[in-house]
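In my numbering, the protein residues as written are 350 to 560.
Take a look at the structure:
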């Protein structure tokens with residue numbers, strides 16, 4: 350599966366933290382902290398192409414022109430509810446980013462997503478949008494979320510997922526070949542219940558301590 354706009358981030362720190370996430374003995378508090386940390390590390394990679402401009406800065410020694418982030422403002426859009434676990438990690442890198450929310454639930458029979466909430470920051474068409482969801486399984490929710498953003502004018506879209514299944518990557522990138530996808534790891538496959546294997550279980554339940 351070779352696509353120029355799909356990046357599987359092969360960083361030892363990310364891989365190490367994902368391995369701890371997978372462990373069924375990892376508790377809610379540690380799991381939540383690790384998701385935040387992984388999101389921040391992934392954001393560091395995803396923001397590598399942000400444009401900069403030279404700005405005048407006065408140091409204690411002299412006045413100089415130094416690079417600072419330029420151009421579009423950022424929006425972070427988690428897919429509820431598991432995506433909420435990644436937001437603080439991204440905001441640690443870019444505190445000025447606005448936050449939107451997309452609420453989707455999955456039909457237990459068809460595994461297809463249904464929208465129940467969508468609230469995006471203003472001027473979404475002028476922002477770089479970072480959609481976050483820890484798991485990219487069937488790709489149905491991811492495709493729907495990007496659909497909603499595009500319908501509201503969003504154009505410059507990055508999608509961050511900690512663990513992805515090949516089926517989900519293929520479905521998302523076939524539907525939206527113009528976005529950039531960043532994954533911490535691509536797992537083997539989906540099982541008959543549309544869970545990622547080996548995966549880590551239900552990310553939302555493990556982040557929020559629910560069953």
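Glycine included, every Cβ here is placed at the ideal spot set by N, Cα and C.
In the DSSP assignment, residue 510 forms a beta bridge with 532.
Taking the Cα of residue 405 as reference, the smallest distance to any Cα among 414, 397, 398 is reached at 414. If one requires a minimum length of 3 residues, the beta strand (DSSP E) runs lying completely within the stretch 355 to 381 are 355 to 357, in chain order.
Per the coordinates, the alpha-carbon of residue 423 lies some 16 angstroms from the alpha-carbon of residue 402. Residue state for residue 515 is assigned as helix, using DSSP reduced to three classes.
A distance below 6 angstroms between beta-carbons, with the five flanking residues on each side excluded, links residue 534 to the following residues of its chain, in chain order: 367, 512. The Cβ neighbour count for residue 522, taken over all protein chains shown within 10 Å, is at least 16; the residue is labelled buried. Cβ-Cβ distances below 6 angstroms link residue 452 to 429, 465, 466 in the same chain, with the five nearest sequence neighbours on each side left out; the list follows chain order. A residue is called buried once 16 or more other Cβ atoms fall within 10 Å of its Cβ, and residue 507 is buried on that count. The beta carbon of residue 459 sits closer than 7 angstroms to none of the beta carbons in its chain outside the five residues before and after it. If you check the CB distance, residue 498 and residue 426 come in under 8 angstroms.
Pairing residue 393 with residue 524, the inter-Cα distance amounts to about 26 angstroms. For residue 527, the secondary structure class from DSSP, reduced to helix, strand or coil, is coil. Cα atoms of residue 374 and residue 502: separation of roughly 43 angstroms, rounded to the nearest angstrom. By the neighbour-count criterion, in which a residue is buried when 16 or more other Cβ atoms sit within 10 angstroms of its Cβ, residue 385 is buried. Excluding its 5 nearest sequence neighbours in each direction, residue 381 has C-beta neighbours in its own chain below 7 angstroms: 434, 556, listed in chain order. Residue 526 and residue 440 have their C-alpha atoms spaced approximately 26 angstroms apart. Boundaries of the alpha helix (DSSP H) around residue 555: 552 to 557. Under the 10 Å beta carbon count, residue 477 is surrounded by 16 or more other beta carbons and is classified as buried. Relative to residue 531, the option among 494, 554, 483 whose CA is nearest is 483. Looking at the backbone, the Cα of residue 551 and that of residue 362 are separated by about 22 angstroms. Between residue 388 and residue 449, the CB-CB gap reaches or exceeds 8 angstroms.
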